[in-house]
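Heads up, the sequence shown is in the working numbering, so the first residue is 6 and it goes up one at a time. Data block below; observations after.
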Amino acid sequence: MATRIKKTRTFSKGCALQVLGLPLPFVGALIGPIGSIAGTIAMLVLVFIGARMSTTWYCGQCGSPIAGKRTKTCPNCRAQFD
Ligand SMILES: [Zn+2]
């Protein structure tokens with residue numbers, strides 16, 4: 006049984022996306038209550054996408070990148086994940 010290794014990159018496109026999304030509720034609030042709600046939703050979407058983009062999974066046996074934590078087998082070395 007091999008293990009999956011999770012790596013979170015701090016300085017990535019995903020992280021930049023999250024930073025970009027943070028002021029959106031405040032920008033939306035300038036327009037009005039609807040803008041504030043829309044800004045909050047947009048921020049949450051950007052933070053969610055950003056978090057997914059900045060997380061990468063690797064095979065614990067050969068170190069090659071894998072699709073995600075639901076991946077059952079390594080495409081490179083065929084190791085089975087638990
Ligand atoms: Zn592997």
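Ideal placement from N, C-alpha and C gives every residue a C-beta, glycine not left out.
Rounding to the nearest angstrom, what Cα-Cα distance links L49 and M58 in this structure?
Cα-Cα distance, rounded: 14 angstroms.
Check whether the Cβ atoms of G73 and Q23 lie closer than 7 angstroms to each other.
no
Please tell me whether C64 and I71 are closer than 7 angstroms, where the distance is taken between their beta carbons.
The Cβ atoms of C64 and I71 lie closer than 7 angstroms to each other.
Note down, in chain order, each residue of its chain lying with its Cβ closer than 7 angstroms to the Cβ of K18, except the 5 sequence neighbours on either side.
M58
For the candidate residues T61, M6, I46 and C67, whose alpha-carbon lies nearest to that of P28?
I46
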